[in-house]
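Residue numbers (our numbering): 12 to 1249. The beta-carbon is built from N, C-alpha and C at its ideal position, and this holds for glycine as well. Notes for the one structure printed next.
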Amino acid sequence: MTSTSERSDSLILYVNGHKIVEKSIDPRLTLSTYLRSHLGLSGTKVACGEGGCGACTVMISTWNGHTVSHKSVNACLIPLVSMHLCAITTVEGIGSTRTKLHEVQKRLADAHGSQCGFCTPGFVMSMYSLLRNKAVPDMEDISTYFQGNLCRCTGYRPILEAYKTFTDTKFGEGNNYKRITTGKCPCKVNEEEPTDIRSNVLKCDPTQEAIFPSELKEMHPPKSRKYIGPDLIWYVPLNLKELFNIKKSYPDARIINGNTEVGIEVKFKISKVHVMIQTTQVNDLHNIEINDNFLQIGASCSLSKIEELCDHLIESEKHSKMQIIKEIKFMLQVFAGKQIRNVATLGGNISTGSPISDLLPILLSTSSILRVGSATYGLRDVTLDSKFFLGYRKNMLKNEEIIINVLIPFESQNEYFKTYKISKRIEDDIAIAKVAFGGIGPYTKLLNQTNSFLQGKPWNESTFELAMNRLLDETNIPMGSPGGMERYRQSLVLSLFYKSFLDINTERSGKVTSQYKEKEFKSIQLYDFSLSQGKNSVQGTIQKPKKHISADLHTTGEAKYVDDYNKTENEIFCVFVYSRMSNALIKSIEYSEAVNSPGVLGFISSKDIPKESNLFCVSLLKDELIFADTKVNCYGQIIGAILADTREHAKDGASKVQVDYEKLDPILTIEDAIESSSFFPLPHSKLQAGDPSNIFESCDHIIEGKVQTGAQEHFYLETQCGLIVPTETGILAHSSTQNPTETQQCIAKMLNIPMNQVNVSVKRLGGGFGGKETRSIPFTLAAAWAAVQYRKPKDSAVKQICPQILHFADSGGPQVMMIVENYIERVGDTLNMSPESIREINMYQEGDVTYYGQELENCSLRRCWQECEALSQFSERRRSVDEFNLGNKWRKRGLSMIPTKYGIAFGLPHLNQAGSLIHVYKDGSILASHGGVEMGQGLHIKIAQIISTVLEVPLSIISICNTMTDKVPNTSATAASVGSDLNGMAIKAACEEINKRLAPIVDSYPKASWNEIITLAYESSISLSCTGFYSTPDLGMNWKEGKGRPFNYFTYGVGCSVVEVDLLTGMHCLLKTDIVMDLGESLNPAIDIGQVEGAFVQGYGLYTMEQLLHTPDGELITKGPSNYKIPGFKDIPKEFNVSLLRGSKNSRAVYSSKAVGEPPLFLAASVYFAIKDALKYARKENNEDIIFNLEIPATSERIRLASNDWIISKIPPLSLSSSGNKPWSIQVYLFFSLSPSL
């Protein structure tokens, strides 16, 4: 499409203070790819690739001729060619462990603010960008800058605590950041790691701040530029004339500023765009003017700039008419993340025409004016009204026309203006519906009939009632409409109109509008440093709050993950071809176009692998395929793989593979499976205690009901990734897996080689949660097969479209326990007793025997319950909730307290084993290896603490190497929360053996130092290398009798939560959560509290927010952060308190500790039941039955419809038969319980 004689302009930029000149660059190259692949700056992570998670955040600095501006951006979306004359700062550019950590990095590490560490550089750079703009921020600033950052591990609390130290809030004001200790501690906290990080913080070092290069200032203003790629031309005009002429030559060219929309289209929807025009240098598109009637904003003004303008106007009070400005400000605060707002523009938001746009409803309802222009048609004004949009993402502008600026009118006297946004997450989410109205059709819609009716009418009850009926007629949303939630969206039209009626009436009366009061975040973490006296008392680093062993590496971006490894020569990339059918026969695969594409080396499928090698086993049955053979069983199943010289070429090739299917009926739901008799054979499918039939005959009450619980996406930010390197002795596999030995065994079986020729190495994972226990294996196997065939390294870094629904972290426990707790609640409702009283009556206690015959030892559940009851002030809180609900019609609060008892062990007894290897070198330093995988849970630091305690040496001389199958063989997966138990005991055994060997020397030289002892041992020919092994004793289950000891012990905990529900919208606010966990004598209280908080927030997502939706054909709809919402900063409890039970013992685990990873997750059920508690108040007022079904997750849609008030009653339930449509989406339930009797 371009002449070979045309040449691209040079690209000049600075990265971390270093000048770079690129003379030839592909315009499709993103900044993140350039930083990582070309410059080797792997601290900038890539997770979602769509600007939704913040892992790729960097700071961009520019000079506008007067000042330097600094802004955080998503490097995964920013085109490199748009960075001309910019200075880019990455996490590597502000500090490192080799030089000096920046305070932003140090404080986060010291506050235990990282776990897996994959998201950490993004948080660091967001905070760094904030500090470069505001030296002393407040918590609102921090909240704003973190809107675009997600974390799956920590639960956010320690990140907030770390960065609150940069604010001017004095210690103790509005926040309880402290660790309360009780009793006298014989082992005082290490002075190097104070429990309050405020006592050891330093001011930011100005010498570490990047200085904007003077050369870039001298090159201002820039010239117009053009960059030419293989199939894309990128223009950068400087004025309207140039812009109009380019658009005239290329009418289909796309206007680009932040690439937040087009970039996603090109990347994920495989849209083809051949000409792009960057308008950031056109000054006429950045002008802002204010007069008495209008606010005029240039179309290329960023949303952040508009937000700052609104702040300035509101604070300066230069204009008396501020209602619309305030509403624009409000909407921008919940519009995407800060990184997106920094580059997204007003013109882009309008021209995109999204039906769920945040700003279009405001612009349409105010009849804002667009000033547009082109070379052919000149300038004209276009009113944003009901005629502007012609259809889905189509408007009345001519193809050549460009939006120059937007004129927003101010409100008239006695005119009121209200905007509302309802979404799945409080911030950085797409809208479901808004008043005036987006989200109810294919484009933002003005309701002309209702507007005409309202003209000239008095604002009173009568007008409101009549208008509601017209709204209902005008906003009919038929079943099967895109976006689903048809009845809910229709209800929001009425509810938000009613809310505006109430708010405006309140405002007219001079009262304060009822809204959630934003409380400053509070937290207390309680644990007891005092150690038990007697046999189990230990000295050393055990039971002290030590930070994660890689914390500093996380915050500096130096921590390496598989995709960060230095690229090797002749590396080949492998990208998979996935099934686009959920249940179908494969008729043919056409890949000739793909293999003839640039850079593509080949295509592999089941036809290239012997049938036996294509099978692998990850559980009891060898029934999984690497590549689908003749049939696909689910959407997203791997069919084949494209091999290419670059990842981009591999992706392009994979998109060209065509698969011809013969479609079969999909089997998606449990009902489908029952109807089709599609079952897995289960060898142990029944456990029975007592005689249920006889007992039911004597019951006073028989209760029937249904409980359905959904699945949960793991949402680890590091996607599945593997690097296979052929060696002279076999295969070296770097894999992001929780299960190195299983991966090793599967590779060996597939290649028909012994396991000793396969070495699997795992340094760390960027999150796992069970999703990398087995699902990592097929990716690694496919890459290994390709590597053997080509004898080159294969990098299979791929985005997983998780086709299988499998357990998140907890093997289905949270779903099953939720079913049981619903039983408990129903019993309470039936007997007119509180659920808490029913739970307490039936609570396990010491000496009880479970239904499978295991006697409970050291059962602390009632102690946890009592302490949580006191910590939460439950009785007082219940009275407060009752009082609040009596005084509020449309807001209700709810309260619930939930216990958990979690059995610790693998289900198969032989998996409860672990090995270790320890080397002590002549200089006294120690290198250890064990079979556990570090994935953020702090396993390595706990292992180091055990070594330090047993050998009585400082942590500083201990290193933990990669988890490798050639160091410790036959390891079990790091799962079931037993990583510390098994590997901790194994490493303890190895250390004790070392001590045993050193004992004669220690006895002979009692005053010798550690180094002296090691030197003497070496000179005495004593082996200083040792293996350790541990196997959990006394485990087993007799499935025929249904009796046994399947668990080593139990972890107990109790959680209490208070919520406030907005009944008109279904949204809720989590006001307070108190948790008491029995973790025995915690190996590392800081790490364990982080695990409790993180698990709780994950569970909160499971029960209230995270909804996996599929099309009726089985395609997953909720892919990535734009469609699948995990909790963000604003979603966590406003007050979040965690206490570790004091004085608990556990003789069955290392140093009397207990497992922590999975057990706390279920405590988030307290939020779900608190929501139900609030709804019961509302339903009782509405004369509705308080016994009702609230499906899981309890989304805002389900909460709103469950209130069943008079507004909901206006909208009859919709049915498919009435519309003739398929449902837009279905939720596949992971667990389904029908209770015929209880």
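CB of residue i within 8 Å of CB of residue j, strictly
| i | j | result |
| --- | --- | --- |
| residue 351 | residue 336 | no |
| residue 651 | residue 608 | no |
| residue 804 | residue 854 | no |
| residue 714 | residue 707 | no |
| residue 653 | residue 586 | yes |
| residue 370 | residue 395 | no |
| residue 284 | residue 313 | no |
| residue 132 | residue 568 | yes |
| residue 338 | residue 252 | no |
| residue 875 | residue 1065 | yes |
| residue 617 | residue 634 | no |
| residue 418 | residue 385 | no |
| residue 768 | residue 742 | yes |
| residue 59 | residue 43 | no |
Residue i, DSSP secondary structure in three states
| i | result |
| --- | --- |
| residue 841 | helix |
| residue 350 | helix |
| residue 1238 | strand |
| residue 1177 | helix |
| residue 508 | helix |
| residue 1303 | The structure shown has nothing for residue 1303, since the chain only spans 12 to 1249. |
| residue 74 | strand |
| residue 285 | coil |
| residue 1025 | helix |
| residue 989 | coil |
| residue 133 | helix |
| residue 356 | strand |
Contacts around residue i, its chain only, beta-carbon distance under 8 Å, and the 5 residues preceding and following it disregarded
| i | result |
| --- | --- |
| residue 1111 | 1081, 1138, 1142, 1143, 1175 and 1178 |
| residue 1012 | 1019, 1024, 1027, 1028, 1031 and 1033 |
| residue 1076 | 431, 433, 503, 506, 507, 510, 1207 and 1211 |
Sequence-distant residues of the same chain with beta carbon closer than 6 Å to residue i, five excluded per side
| i | result |
| --- | --- |
| residue 332 | 421 and 422 |
| residue 1042 | 924 |
| residue 619 | none |
| residue 914 | 1058 and 1061 |
| residue 515 | 427 |
| residue 31 | 24 |
Beta-bridge pairing of residue i - partner residues as DSSP gives them
| i | result |
| --- | --- |
| residue 786 | Paired residue(s): none; residue 786 is not in a bridge. |
| residue 382 | 392 and 416 |
| residue 901 | Paired residue(s): none; residue 901 is not in a bridge. |
| residue 1073 | 902 |
| residue 406 | 400 |
Residues of its chain near residue i, where Cβ-Cβ distance is below 7 Å and the 5 sequence neighbours each way are ignored
| i | result |
| --- | --- |
| residue 990 | 943, 948 and 950 |
| residue 560 | 951, 952, 955 and 971 |
| residue 575 | 53 |
| residue 896 | 903, 904 and 1188 |
| residue 323 | none |
| residue 1215 | 1190, 1193 and 1195 |
| residue 931 | 937, 1005, 1025 and 1035 |
Residue i at chain C interface by Cβ criterion, 8 Å
| i | result |
| --- | --- |
| residue 375 | In the displayed structure, chain C is absent; only one protein chain is listed. |
Exercise. When the Cβ atoms of the region 96-116 are set against those of the region 56-71, are three or more pairs found closer than 8 Å?
Worked result: Remark: three or more beta-carbon pairs, one from each stretch, lie closer than 8 Å, so the region 96-116 and the region 56-71 are flagged as touching.
Exercise. For the 8 Å Cβ check, are there 3 or more pairs between the region 478-486 and the region 495-508?
Worked result: For the pair of segments examined, the region 478-486 was found to touch the region 495-508: the number of CB pairs separated by less than 8 Å reaches three.
For this session: Check whether the region 792-802 touches the region 1181-1194, taking contact to mean three or more Cβ pairs, one atom from each stretch, closer than 8 Å.
Result: No: fewer than three Cβ pairs fall under 8 Å.
For this session: Take every Cβ of the region 71-90, pair it with every Cβ of the region 1159-1169, and state whether three or more of those distances are shorter than 8 Å.
Result: Cβ pair count under 8 Å is below three, so no.
For this session: Inspect the CB distances between the region 668-682 and the region 1123-1134 and report whether three or more fall short of 8 Å.
Result: Taking 8 Å as the limit for Cβ pairs, the verdict is that the region 1123-1134 does touch the region 668-682.
Problem set entry | Inter-stretch contact (C-beta, 8 Å, three-pair minimum) for the region 469-480 and the region 393-411 | No: the two stretches stay apart, fewer than three of their Cβ pairs being nearer than 8 Å.
Problem set entry | the region 1165-1172 in contact with the region 978-993 per 3-pair CB rule at 8 Å | Taking one beta carbon from each stretch, the region 1165-1172 and the region 978-993 have 3 or more pairs nearer than 8 Å; the two touch.
For this session: Check whether the region 257-274 touches the region 284-293, counting contact only when three or more Cβ pairs, one atom from each stretch, lie closer than 8 Å.
Result: With contact defined as three or more Cβ pairs closer than 8 Å, the region 257-274 and the region 284-293 are in contact.
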